[in-house]
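**Student:**
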């Protein structure tokens, strides 16, 4: 069990290191304090969450299922949208790096630090959701994932939105550009956001088709999709 949690932490470290490589190459410098602070916050918060789970002997988040991701989506439009979301995440790292390099915009340090809190909050939400339902992760395509989502909504802790994984993901992705000191990075997020909304609509269509009665009850109990009292 301990080895498993250590492997999770190494996986987080590798992911953060890869993100850092993209950021620093785009900025063409390692003297970029906002990037170092954001990466430390991401690695630290996720590692603490993993160690807390280890202490409670709770199940850690499983890696994404092999059936998840753009390469296995059933429809061309879905594959295209998923690929755009993946490219958008890379752009969330590249554009702030270029912004830092060429000085396109400037953000007060305290705003960047506040945005780091959004990043941490979003990551912890996604981690918590993965613990509640370890059989589905970032992508939620297919009837198996749908069944687990419905089971989580009916038997797990009370949810305030139908798509908590997407909510957490959007929260940390919204915070990333500002944490990196770039207003221009928010333009990338503005492009990603509609893609997520399309993804949510597609997913709900799949859920209604696969589980008409169950999902109707799920939607009745949990009114809001992404943001409480908004949508």
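In the working numbering, the protein residues as written are 87 to 317.
Heads up, the beta-carbon is just placed ideally off N, CA and C, and yes, glycines get one too.
Taking the alpha-carbon positions, what's the residue 286 to residue 119 distance?
**Tutor:** Locating residue 286 in the chain shown gives position 200, counting from the first residue. Locating residue 119 in the chain shown gives position 33, counting from the first residue. Those two C-alpha atoms are separated by around 35 Å.
**Student:** Does the beta-carbon distance from residue 104 to residue 205 come in below 8 Å?
**Tutor:** On the chain shown, residue 104 is found 18 positions in, with the first residue counted as 1. On the chain shown, residue 205 is found 119 positions in, with the first residue counted as 1. Taking 8 Å as the Cβ cut-off, residue 104 and residue 205 do not qualify as a contacting pair.
**Student:** For the segment 186-202 against the segment 291-310, do three or more pairs of beta-carbon atoms, one drawn from each stretch, fall closer than 8 Å, so that the two count as touching?
**Tutor:** Touching, no.
**Student:** Are any of the Cβ atoms in chain D nearer than 8 Å to that of residue 102?
**Tutor:** Any reference to chain D falls outside this structure, which holds one protein chain only.
**Student:** By how many angstroms is the C-alpha of residue 270 removed from the C-alpha of residue 181?
**Tutor:** For this step, residue 181 is matched to residue 95 along the chain shown. For this step, residue 270 is matched to residue 184 along the chain shown. Spanning the two alpha carbons is a distance of roughly 7 Å.
**Student:** Apply the 10 Å Cβ neighbour rule to residue 266 and answer buried if 16 or more other Cβ atoms are within range, or exposed otherwise.
**Tutor:** Walking along the chain shown from the start, residue 266 turns up at place 180. The residue is buried, with at least 16 neighbouring Cβ atoms inside 10 Å.
**Student:** Go through its chain and collect everything with a Cβ distance to residue 102's Cβ below 8 Å, but skip five positions before and after it.
**Tutor:** Position 16 of the chain shown, counted from the first residue, corresponds to residue 102. Contacts found: 125, 128 and 129.
**Student:** Looking only at C-alpha atoms, which of 193, 93, 312 and 202 sits nearest to residue 268?
**Tutor:** Mapped onto the chain shown, residue 268 falls at position 182. The shortest C-alpha separation from residue 268 is found at 193.
**Student:** Which whole-angstrom value describes the C-beta separation of residue 208 and residue 281, a residue pair presumed to lie in contact below a C-beta threshold of 8 Å?
**Tutor:** Walking along the chain shown from the start, residue 208 turns up at place 122. Walking along the chain shown from the start, residue 281 turns up at place 195. Not really, about 17 Å apart at Cβ, beyond 8 Å.
**Student:** Sort 211, 298, 258 and 296 by Cα distance to residue 279 and report the nearest one.
**Tutor:** Here residue 279 refers to the residue found at position 193 when the chain shown is read from its first residue. The residue with the shortest Cα to Cα distance from residue 279 is 258.
**Student:** Taking only the alpha-carbon atoms, compute the straight-line gap between residue 139 and residue 97 and give it to the nearest angstrom.
**Tutor:** Taking the first residue of the chain shown as position 1, residue 139 is located at position 53. Taking the first residue of the chain shown as position 1, residue 97 is located at position 11. Approximately 16 Å, taken between the alpha carbons.
**Student:** Sort 132, 107, 213 and 131 by Cα distance to residue 121 and report the nearest one.
**Tutor:** Sequence index remark: in the chain shown, residue 121 carries index 35 (1-based). Residue 107 is the option with its Cα nearest to residue 121.
**Student:** For the alpha helix (DSSP H) that residue 194 lies in, which residues bound it at each end?
**Tutor:** As a position in the chain shown, residue 194 is number 108, starting the count at 1. Per DSSP, residue 194 belongs to no alpha helix (DSSP H) and is neither H nor E.
**Student:** Report the option in 170, 250, 308 and 302 whose CA atom is closest to the CA atom of residue 218.
**Tutor:** Numbered from its first residue, the chain shown carries residue 218 at position 132. Among 170, 250, 308 and 302, the Cα nearest to that of residue 218 belongs to 250.
**Student:** With DSSP run on the structure shown, which of helix, strand or coil describes residue 170?
**Tutor:** Locating residue 170 in the chain shown gives position 84, where the first residue counts as 1. In the structure shown, residue 170 sits in a helix (DSSP, three-state: H, G or I).
**Student:** By how many angstroms is the C-alpha of residue 275 removed from the C-alpha of residue 210?
**Tutor:** As a working note, residue 210 is residue 124 in the chain shown. As a working note, residue 275 is residue 189 in the chain shown. In a straight line, the C-alpha of residue 210 is about 20 Å away from that of residue 275.
**Student:** Between which two residues does the alpha helix (DSSP H) harbouring residue 293 extend?
**Tutor:** Counting from 1 along the chain shown, the entry for residue 293 is found at position 207. That run of the alpha helix (DSSP H) goes 271-296.
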